[in-house]
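J.: I'd like to ask you about the structure that follows.
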Amino acid sequence: MARAAVLQIPGVNCEYESARALEAVGIEARIIRFNEASSVLSEFDAFVLPGGFAFQDRIRAGAVAAKLPAVERIARESESGKPVIGICNGAQVLVETGIVPGIHPGRVELALAPNRAPRRPGYQCRWIHVRPSEGPGRATFAATIALDEFVPLPLAHGEGRFTTADPDVRARIESQGLVLFRYVDGAGHPADHYPDDPNGAMFQAAGITNVAGNVLAFMPHPERAAWLRMMPQDWPGAWGERRRAVIGKFDALEGAGPGRFLFASLAKRLGVSTPQGAPA
Amino acid sequence: MSAVLLTRLKITDLTALTALEAGRRMLPEGHALERIVREELFLFEPESGVAPAAFEQRLHEAIETSNFFVNPNKERFRFLTSGQRGATWSPPEGAWGILARSRDDTRDEGLRARLLREHPLPGLAAIRRARAWWLWTRDASGAPAKEYFYVRLGPLQGPSKGLLLNPHAEASLRIFGDVAWKDVERFLAEPALQPAAA
């Protein structure tokens, strides 16, 4: 059975949800505390850095956690091709280590800057739509979702704007297909303005991978949408209809939600047979 | 010529303490990071052709009587009119600094609008913001080794190099000694340079 470690850093708050979402697709998940011997991490096949506020976002979101020996160890493990997902605060940690995008190894090439939206500075906490693109990360993180499909997901962040001050890095992120997920509107078209585009990220990026495609920095929270019961009942579109169709049907509410695809894709990549109830 | 407001916590600054701990772990033996202080800088920019004195007195009263800028239970502040601030800004005794600003527009329009709603201040064009990190450092010889510590603890370059700011989101100005206020004003008003050129 494939095993994934979910790193618990002081201040994160999504480790249990992330572990449950992994278990739902047949991956054995274990929560590993940040100060356990980092050598234990080599026993795992994949890693999740969950959302939250590691070290209270002191100095800057992800800045302190990026220096942890455990994170350094995960970075080393990723060099052998093991998948790593950073969700929200976990994405901020990955960007602060330089693992994503990793165009020039050992260099930090991105920031997750404060959201930029007209007359709406600060924290955003709501649902948006994302759509996958072709790129080196597709086989690992988007194998169970079609390129013309888009899904609603919740997001909750104040610093989610992928940006770089290096024009060469920016060009290579685009040309190498590293933007694996983009914000789109309710019809699946590129989100060119607020509120479909929640933060002003370059290329409307919701998720960027490293060059090898095995590390994903993803700002929305798929673990908070991994079950159908987690969907808002009033959400428009196909997923909203699916949710409304199962009101009061408790077994059906335990079906896969729109965020399940990410964990199912990881399971597929790890060779895990998909349990009943998970998307193919 | 801008008026200046500097605020800092008078209760324990846990962010500065965390920066101190994280920074110390990044240094080799013999290099001491003794203290870090974090200070917020506000520059009050007058409209073109307006003498800052036209609103500075009322601005000072607004800062003292409102809670827009300072919570007196936990923060202390220094307000310097354009006349009081002098030509240069000096680091605290024994320290050197890094001034960090957003790579975006440094004007805080929300803060200005909120201030003007309750305290009409004709002639106030903009409030610009930045953060100063003051560091007390010493190498094995006892020298402050500012350049060395700036590279190790300043703009983030890699996992073991840089801490206090991410140059893809923020630009920085080194304050290794007295710095002219006009250079600080220019640093905040002009578009941020590419990291390599800064």
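For the record, the sequence lines run as chains A and B.
Under my numbering, the first sequence has 224 at position 223, and the numbering climbs by one with no breaks.
Under my numbering, the second sequence has 145 at position 135, and the numbering climbs by one with no breaks.
Yeah, the Cβ is synthetic: ideal placement off N, Cα and C, and Gly gets one too.
1. Counting pairs of beta carbons, one from the region 91-98 of chain A and one from the region 61-76 of chain A, are three or more of them closer than 8 Å?
2. Applying a beta-carbon distance threshold of less than 8 Å, which residues of chain A neighbour residue 211 of chain B?
3. For residue 84 of chain A, is the classification buried or exposed, using 16 other Cβ atoms within 10 angstroms of its Cβ as the cut-off for buried?
4. Would you call the region 133-143 of chain A and the region 189-199 of chain A touching, i.e. three or more CB-CB distances under 8 Å?
5. Which residue's Cα is closest to the Cα of residue 274 of chain A: A/216, A/72, A/24?
6. Count the other CB atoms within 10 Å of the CB of residue 84 of chain B; is the residue buried (16 or more) or exposed (fewer)?
7. Counting pairs of Cβ atoms below 8 Å between the region 134-150 of chain B and the region 41-49 of chain B, do you hit three or more?
8. Out of B/101, B/185, B/116, which one is the CA nearest neighbour of residue 157 of chain B?
9. How far does the beta strand (DSSP E) with residue 87 of chain B in it reach, from first residue to last?
10. Would residue 55 of chain B be called buried (16 or more neighbouring beta carbons within 10 Å of its own) or exposed?
11. Since residue 190 of chain B and residue 98 of chain B are thought to touch, with beta carbons under 8 Å apart, how far apart are those beta carbons, to the nearest angstrom?
12. Hey, is residue 91 of chain A's beta-carbon within less than 8 Å of any beta-carbon in chain B?
13. Can you tell me where the alpha helix (DSSP H) holding residue 40 of chain A begins and where it ends?
14. Determine, using beta carbons only, whether residue 134 of chain B and residue 124 of chain B come nearer to each other than 8 Å.
15. Please go through the region 10-74 of chain A and give each complete beta strand (DSSP E) segment of 3 or more residues, from N-terminal end onward.
16. Relative to the C-alpha of residue 124 of chain A, which candidate in A/196, A/51, A/75, A/135 has its C-alpha closest?
17. Taking all protein chains shown into account, decide if residue 26 of chain A is buried (16 or more other Cβ within 10 angstroms of its Cβ) or exposed.
18. Which of helix, strand or coil does DSSP assign to residue 262 of chain A?
19. Just to make sure I have the definition right: I need the residues of chain B whose C-beta is within less than 7 Å of the C-beta of residue 56 of chain A. Which are they?
20. With a threshold of 8 Å between beta-carbons, can residue 196 of chain B be considered close to chain A, or not?
21. So residue 199 of chain A packs on residue 90 of chain A, CB below 8 Å; how close in whole Å?
22. Count the other CB atoms, across all protein chains shown, that sit within 10 Å of the CB of residue 200 of chain B; report buried if there are 16 or more and exposed otherwise.
T.: Reading off the structure:
1. Three or more pairs of CB atoms, one per stretch, sit closer than 8 Å, so the region 91-98 of chain A contacts the region 61-76 of chain A.
2. This structure leaves residue 211 of chain B out entirely; chain B is present only between 11 and 208.
3. The residue labelled residue 84 of chain A in the question sits at position 83 within the first sequence. That one is buried.
4. no
5. Here residue 274 of chain A refers to the residue found at position 273 of the first sequence. Answer by Cα proximity: A/24.
6. Position 74 of the second sequence, counted from the start, is the residue given in the question as residue 84 of chain B. Result: exposed.
7. yes
8. Taking the first residue of the second sequence as position 1, residue 157 of chain B is located at position 147. It is B/185.
9. If you number the second sequence from 1, residue 87 of chain B lands on position 77. Run containing residue 87 of chain B: 85-90, per the beta strand (DSSP E) assignment.
10. Counted from its first residue, the second sequence places residue 55 of chain B at position 45. Buried.
11. Here the question's residue 190 of chain B lines up with position 180 in the second sequence. Here the question's residue 98 of chain B lines up with position 88 in the second sequence. The pair is a contact, with the Cβ atoms about 5 Å apart (cut-off 8 Å).
12. Here residue 91 of chain A refers to the residue found at position 90 of the first sequence. Cβ-Cβ to chain B under 8 Å: no for residue 91 of chain A.
13. Start at 1 with the first residue of the first sequence, and residue 40 of chain A comes out as number 39. From DSSP, residue 40 of chain A is part of no alpha helix (DSSP H); its letter is neither H nor E.
14. In the second sequence, the residue the question calls residue 134 of chain B occupies position 124. In the second sequence, the residue the question calls residue 124 of chain B occupies position 114. No, Cβ-Cβ distance for residue 134 of chain B and residue 124 of chain B is not below 8 Å.
15. 29-34, 47-50
16. For the purposes of this step, residue 124 of chain A is identified with residue 123 of the first sequence, where counting begins at 1. Selected option, being the one with the closest Cα: A/196.
17. Taking the first residue of the first sequence as position 1, residue 26 of chain A is located at position 25. Its Cβ being crowded by 16 or more others within 10 Å, residue 26 of chain A is buried.
18. Here residue 262 of chain A is taken as the residue at index 261 of the first sequence, counted from 1. Residue 262 of chain A falls in the helix class under three-state DSSP.
19. By 1-based counting over the first sequence, the position of residue 56 of chain A is 55. Ordered by position in chain B, the residues that pass the 7 Å Cβ test against residue 56 of chain A are 28.
20. The residue given as residue 196 of chain B occupies position 186 in the second sequence. Residue 196 of chain B has a beta carbon lying at 8 Å or more from every beta carbon in chain A.
21. Residue 199 of chain A sits at position 198 when you count from the first residue of the first sequence. Residue 90 of chain A sits at position 89 when you count from the first residue of the first sequence. Wrong, their Cβ atoms sit about 16 Å apart, outside the cutoff.
22. As a position in the second sequence, residue 200 of chain B is number 190, starting the count at 1. That one is exposed.
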